[in-house]
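FYI, the numbering for the sequence shown is -6 to 199, going by our numbering. Every residue, glycine too, gets a C-beta built ideally from N, C-alpha and C. Only one structure is covered here, and it is reproduced in the block below.
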Amino acid sequence: RTEYKPFDDSDKTSVDLSRTVNFYLNPAYKDDPPNCVVVFQPSSIGNPEFVGEIEKVLIRHLSEKFPKVIGGKSRDVKAASYAFDFTVPIDRNEFAKSIECGSFLEFHVFWPRHNYLLVWSELKVGLEARLFRQQDGLELWRARHFARRSEGGVSFSPFGLAVNAYYANVFSSDRDVIESVTEDLVRRLVRSMPEMRDAGHADRSS
């Protein structure tokens, strides 16, 4: 069962457990819920393909929370038409105003770590995201989560060792594994955010 725990004010570091989500929710979130969110990729993205996949899954889950979510190609096409540079804060603000979208969501990926020990294999991926108002920078929500999956194990019989080695090897080379872990990661993270899609409030921060 996934546990949802508030960030400790004295220690902002997330507990490194696969089923723990640390989060913060500002009361202003419910008082004045966003009706539009712009998703921005991190400025230092490392592996663009993997970050792009994370963003797609994020947008899909966020679309279940908010009436309007702008990100990916839609965001980039709109920005190109105005020649906005998202590395410049002023341009980001002007972009949000031009499309009448008052809230930003930024995310950071903790790169996949793959541990392979012949009879045991593990994949771990981390994600942190924060939602804040464009107008005054007020942080509305933040969450961090690490998801992991493993295969194989320790056995005292030659047959058991061979079986574990086989499954560990298959696991380490299966691309579907990282897609599945990514889906779990984003779904659990976004679940800590209240659903405001039908709240009926206008985003006055826009």
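Bridge partner(s) assigned by DSSP for residue i
i           : result
residue 75  : BP columns for residue 75 are empty, so no partner.
residue 118 : 140
residue 63  : 31
residue 132 : 125
residue 102 : 120
residue 96  : 30 and 126
Contacts around residue i, its chain only, beta-carbon distance under 7 Å, and the 5 residues preceding and following it disregarded
i          : result
residue 34 : 44 and 48
residue 79 : 33, 72 and 85
residue 87 : 77
residue 21 : 131 and 133
residue 4  : Confidence in residue 4 is poor, its pLDDT being 49 and thus under 50, which makes the residue's placement too unreliable to answer from.
residue 75 : 88 and 91
residue 65 : 48, 49 and 52
Opening and closing residue of the alpha helix (DSSP H) in which residue i lies
i          : result
residue -1 : Taken as a continuous stretch (DSSP letters only), residue -1 belongs to no alpha helix (DSSP H), being part of the beta strand (DSSP E) at -4 to -1.
residue 86 : 82 to 91
residue 33 : Here residue 33 belongs to no alpha helix (DSSP H); instead the beta strand (DSSP E) covers 29 to 33.
residue 49 : 41 to 55
residue 58 : Where residue 58 is concerned, there is no enclosing alpha helix (DSSP H), given that its DSSP letter is neither H nor E.
residue 24 : 21 to 24
Cβ distance (whole Å) where residue i is taken to contact residue j below 8 Å
i           : j          : result
residue 176 : residue 19 : So it is not a contact: roughly 27 Å between Cβ atoms.
residue 187 : residue 23 : 6 Å
residue 208 : residue 50 : There is simply no residue 208 to check, as the chain begins at -6 and stops at 199 in what is shown.
residue 210 : residue 17 : With the chain covering -6 to 199 only, the question about residue 210 has no answer from this structure.
Start-to-end residues for the beta strand (DSSP E) that takes in residue i
i          : result
residue 18 : 13 to 18
Neighbourhood of residue i by C-beta, 6 Å cutoff - its chain only, sequence neighbours within 5 removed
i           : result
residue 121 : 101 and 137
residue 179 : 50, 51 and 54
residue 243 : This structure leaves residue 243 out entirely; the chain is present only between -6 and 199.
Close beta carbons around residue i, own chain, < 8 Å, minus the five adjacent residues each side
i          : result
residue 63 : 29, 30, 31, 32, 71, 92 and 94
residue -5 : 12, 13, 14, 181 and 184
Near the ligand HEM: residue i beta-carbon under 8 Å from a heavy atom
i          : result
residue 81 : In the structure on display, the ligand HEM does not appear, and there are no ligands present to speak of.
- Message: Can you confirm whether the segment 41 to 51 touches the segment 86 to 104 when touching is taken to mean that 3 or more C-beta pairs between the two stretches lie within less than 8 Å?
- Response: yes
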